[in-house]
Amino acid sequence: MVEDSVEGSAERWLSHIRVLLPSVLDKAQAASSGGPRGFAGRWKSVISKLACVSPCLTDLSCHPFFSKNALYREQLQSLAATLAEVVELAEVGVSGEPAVGKLQLQSDLDSVAGKLELNLRDCRLLIKSGVLGDTAVSAPLDGSSSIVELVARLQLGHPEAKHRAIDELLEAMRDDEKAVFAALGRNSVEALVQLLSATAIKIREKAVTAICLLAESGNYEVLLLCEGLLQPLIRMVESGSLVGREKALISLQRLSMFSDTARAIASHSGIRPLIEVSQTEDSIVQVAAAGVLKNLSAVVELRQSLADVGAIRVMIKLLDCSSLLGAKEYAAEFLQNLSSGCDNLRKTIVSEGGVRSLLAYLDGPLPQESAVAALRNLVALISTDSLISLGVLPRLAHVLKNGSLGAQQAAASAICRISAAAEIKKSLLEHGCVPLLAKLLEAKSSGAREAAAQAIAGLMAHKPICREVKRDDKCVASLVQLLDPGPMNTAKKYSVSCLLAVSSSKKCRRIMISHGAIGYLKKLVDMEVPSSKRLLERLEKGMLRSLLGMK
């Protein structure tokens, strides 16, 4: 019987196994030919695996540092224990004594064949992983296992050993994340992804925690996806523990920022599980699921699929009912994305009560830009009476006064889309929107300046608004600055339209001329900007009349 208590170095274990291996093979062959009927096939399987042991050990021992590596010694010890089991079973088979029943012997043979296969697999992994190289010996983590060795341990042996290895790897990540990440390669990622399918829940949870850290680092997206990560993550979202779901969703949220990954999540039937978990009680799971759905909604071809499975209704409910600010914000961004293209999707959002929900969101303390942008996309579908009765206009005025620059731009764009009706113009004037739009003409963002100029141009047909612009010297001066013919200025044509509307005023013409409007307009005429020639002629005519002393 092979002793399993041999102590000492890897060389002693290697020598011990090489001495014993021929005897083990002989006994296995004797059991195969003289043992109970029906087990010859199982013994042949064991013998074929035993025949692979010697060349495998030769490959391993060729590495110059194998004797200094604890993993090699552990594998030899495990192999010696398996060989001992083979001998015990062979002796039972040869003796023919009924020490165990046939079914038990059959089960034991299957078990020992599996252990031999595992030993051989683990030895091959040691070679593949590079753990026997010089790096593994010279790059310890706080005096314990090297990173390469830890990764190898994730793939070797039994679940208990893998559990200890993943614990140690997570601890190393917490202690020195950058150093660990710098040392991890493709084999590391592959090992972690494989552990997502482990039988033990705790191992799966810890593996997905490590993967989550890799995903959040921003350096491993390609490797993670190449190793087939998405399907295991989606399975974990569907049926994993709370911790597993949370880490899986955070990983998916990070990875789905890339449009190709977002498409892959959808193609792996990931949308429905995301919708289901986003309806759970308020938690990190809900926020992360909403974040993934928001990322998916940024991909144009996925929007209809999202709507078909009820995502619009779910996200509106999050906007209404979630107590988590992150979930609400992602829901607003989702609605912004889905309302930015197809009319049918916009109509669905309106019919599901999305406008009321967005307006309620605007009343809260959260960032407003996404909600205002979604509202901008929807206002054209809302009747004038509803716009007034729902309180859309005072909310837009509030955003113009207090919102971020992006929100102010979206509010100005919304006003452009609803300004045709006289009742809307009157209400906007009453809510003080005109001076707020005039102030936006001075914004640093060219997009915000253009939106403000376009909004004012759409309102100028209402005489009271036109009079208010005429009275605002600063507004007229700002509009002149927007005549700049430079390519970065996208508000030229709207500025020309506004200035033409107030050019009947002598005071306004004087302000335009004093701020250089004539020079700008001459260049705009050459660029064939609409109405620029007409405004130039009016200013030049007015200047000539002034020189001649005419009224």
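So for the sequence shown, the UniProt record's numbering puts the first residue at 1; every next one is plus one.
Using N, Cα and C, we set each Cβ at its ideal position, and we do this for glycine too.
Here the structure is a predicted model, which means the values were calculated and not measured.
So is ALA136 buried or exposed if we call it buried at 16+ other beta carbons inside 10 Å? Numbered from its first residue, the sequence shown carries residue 136 at position 136. Any answer about ALA136 is weak, because its pLDDT of 41 lies below 50 and its placement is not dependable; what the coordinates show is given next. Buried, since its Cβ has 16 or more Cβ neighbours within 10 Å.
Who are the near neighbours of ILE513 in its chain, counting only those whose CB is closer than 7 Å to its CB and skipping five residues on each side? Along the sequence shown, read from residue 1 onward, the residue named residue 513 stands at position 513. Contacts found: LEU539 and MET543.
According to the Cβ coordinates, are VAL277 and LEU324 closer than 8 Å? On the sequence shown, residue 277 is found 277 positions in, with the first residue counted as 1. On the sequence shown, residue 324 is found 324 positions in, with the first residue counted as 1. Their beta carbons are not under 8 Å apart, which means VAL277 does not touch LEU324 by this criterion.
Do you know offhand how far VAL193's Cα is from GLY228's? For the purposes of this step, residue 193 is taken as the residue at position 193 of the sequence shown. For the purposes of this step, residue 228 is taken as the residue at position 228 of the sequence shown. Straight-line Cα distance between these residues: approximately 8 Å.
Give every residue of the same chain whose Cβ lies closer than 7 Å to the Cβ of SER445, excluding the five residues on either side of it in the sequence, and list them in chain order. In the sequence shown, the residue the question calls residue 445 occupies position 445. Taken in chain order, the residues that qualify are LEU405 and GLN409.
Whole beta strand (DSSP E) runs in the segment 282-333 with 3 or more residues, listed along the chain? Those beta strand (DSSP E) runs which fall completely within the segment 282-333 and span 3+ residues do not exist here.
Buried or exposed: where does LEU103 fall if 16 or more other Cβ atoms within 10 Å of its Cβ makes it buried? Counted from its first residue, the sequence shown places residue 103 at position 103. It counts as exposed.
Tell me the rounded alpha-carbon separation between ILE316 and ASN377. The sequence position of residue 316 within the sequence shown is 316, counting from 1. The sequence position of residue 377 within the sequence shown is 377, counting from 1. Looking at the two C-alpha atoms, the distance is approximately 16 Å.
Alpha carbon to alpha carbon, how far is VAL350 from ILE415? Give it in angstroms, no decimals. In the sequence shown, counting from the first residue as 1, residue 415 sits at position 415. In the sequence shown, counting from the first residue as 1, residue 350 sits at position 350. Looking at the two C-alpha atoms, the distance is approximately 18 Å.
Alpha-carbon to alpha-carbon, VAL300 and residue 571: Because the chain spans 1 through 551 in this model, residue 571 falls outside it and cannot be assessed.
Return the CA-CA distance between SER144 and LEU233, expressed in angstroms with no decimal places. Locating residue 144 in the sequence shown gives position 144, where the first residue counts as 1. Locating residue 233 in the sequence shown gives position 233, where the first residue counts as 1. The pLDDT assigned to SER144 is 45, lower than 50, so where the model puts this residue is not dependable; a value taken from the coordinates is nonetheless given after this. Near 31 Å, if we compare the C-alpha coordinates of LEU233 and SER144.
Near SER413, which residues of its chain fall below 6 Å by C-beta distance, leaving aside the five closest residues on each side in sequence? Taking the sequence shown and counting its residues from 1, the one referred to as residue 413 is at position 413. Answer for SER413: ARG376 and ALA451, listed in chain order.
Would you kindly work out how many angstroms separate the C-alpha atoms of SER504 and SER370, rounded to a whole number? The residue given as residue 504 occupies position 504 in the sequence shown. The residue given as residue 370 occupies position 370 in the sequence shown. If I take the Cα positions, the gap works out to 40 Å.
Kindly list the residues whose CB is nearer than 7 Å to the CB of LEU125, restricted to its own chain and excluding five residues on each side of it in sequence; keep chain order. Walking along the sequence shown from the start, residue 125 turns up at place 125. These residues qualify, in order along the chain: ALA152, GLN155 and LEU156.
My assumption, with CB atoms under 8 Å, is that ILE312 sits in contact with THR348. Please give the rounded CB distance. Taking the first residue of the sequence shown as position 1, residue 312 is located at position 312. Taking the first residue of the sequence shown as position 1, residue 348 is located at position 348. The C-beta separation of ILE312 from THR348 comes to about 6 Å, placing the pair in contact by the 8 Å criterion.
Compare the C-alpha of LEU76 against each of VAL46, LEU120, SER107 and LEU338 and name the closest. The residue given as residue 76 occupies position 76 in the sequence shown. It is LEU120.
I need the boundaries of the alpha helix (DSSP H) containing SER413, first residue and last residue. Against the sequence shown, residue 413 aligns to sequence position 413. Run containing SER413: 405-418, per the alpha helix (DSSP H) assignment.
Grab me the residues of GLN454's own chain with a C-beta within less than 8 Å of its C-beta, minus the 5 sequence neighbours each way, in chain order. Within the sequence shown, the letter at position 454 stands for residue 454. In its chain, beyond the 5 residues on either side, ALA412, SER413, CYS416, ALA491 and TYR494 have a beta carbon closer than 8 Å to the beta carbon of GLN454.
Could you have a look at LEU192 and say whether DSSP puts it in helix, strand or coil? Residue mapping note: residue 192 aligns to position 192 of the sequence shown, counting from 1. Residue state, collapsed to three classes: helix.
Continuous alpha helix (DSSP H) assignments of at least 4 residues falling wholly in the segment 164-220: Contiguous alpha helix (DSSP H) elements confined to the segment 164-220 occur at 177-183, 186-195 and 201-217, taking only those with 4 or more residues.
For GLU442, which residues from the same chain have a beta carbon less than 7 Å from its beta carbon, with the 5 sequence-adjacent residues on both sides left out? The residue given as residue 442 occupies position 442 in the sequence shown. Here GLU442 has SER478 as same chain residues with Cβ atoms under 7 Å from its own Cβ, once five neighbours each way along the sequence are excluded.
What is the DSSP secondary structure of VAL529, counted as helix, strand or coil? For the purposes of this step, residue 529 is taken as the residue at position 529 of the sequence shown. Residue state, collapsed to three classes: coil.
Alpha carbon to alpha carbon, what distance is there between ALA161 and ARG73? The count along the sequence shown starts at 1 and reaches residue 73 at position 73. The count along the sequence shown starts at 1 and reaches residue 161 at position 161. Cα to Cα, the separation comes out at about 15 Å.
Assuming VAL480 and ALA517 form a contact by the criterion Cβ under 8 Å, report the distance between their Cβ atoms to the nearest whole angstrom. Your numbering for residue 480 matches position 480 in the sequence shown. Your numbering for residue 517 matches position 517 in the sequence shown. Right, their Cβ atoms sit about 5 Å apart.
Terminal residues of the continuous alpha helix (DSSP H) containing PRO55? One-based indexing of the sequence shown puts residue 55 at position 55. Taken as a continuous stretch (DSSP letters only), the alpha helix (DSSP H) holding PRO55 covers 40-61.
Count the other CB atoms within 10 Å of the CB of MET173; is the residue buried (16 or more) or exposed (fewer)? Residue 173 sits at position 173 when you count from the first residue of the sequence shown. So MET173 ends up on the buried side.
Can the beta-carbon of PHE334 be found less than 8 Å from the beta-carbon of SER297? Mapped onto the sequence shown, residue 334 falls at position 334. Mapped onto the sequence shown, residue 297 falls at position 297. Cβ distance < 8 Å, so PHE334 and SER297 count as in contact.
Beta-carbon within less than 8 Å of ARG263's beta-carbon, same chain only, minus the 5 sequence neighbours each way: which residues are those? The residue given as residue 263 occupies position 263 in the sequence shown. A distance below 8 Å between beta-carbons, with the five flanking residues on each side excluded, links ARG263 to the following residues of its chain, in chain order: VAL299, GLU301 and LEU302.
Give the range of the alpha helix (DSSP H) segment to which SER427 is assigned. As a working note, residue 427 is residue 427 in the sequence shown. Run containing SER427: 422-430, per the alpha helix (DSSP H) assignment.
For LYS128, count the other beta carbons within 10 Å of its own beta carbon; 16 or more makes it buried, fewer makes it exposed. Which is it? In the sequence shown, counting from the first residue as 1, residue 128 sits at position 128. Residue burial annotation: LYS128 is exposed, with fewer than 16 other C-beta atoms found within 10 angstroms of its C-beta.
Quick check on LEU366: does DSSP put it in helix, strand or coil? Position 366 of the sequence shown, counting from 1, holds the residue named residue 366. Correct three-state label for LEU366: coil.
Just checking my contact of VAL502 with VAL476 at CB under 8 Å: how many whole Å lie between their CB atoms? On the sequence shown, residue 502 is found 502 positions in, with the first residue counted as 1. On the sequence shown, residue 476 is found 476 positions in, with the first residue counted as 1. Right, the Cβ-Cβ distance comes to about 7 Å (below 8 Å), so this counts as a contact.
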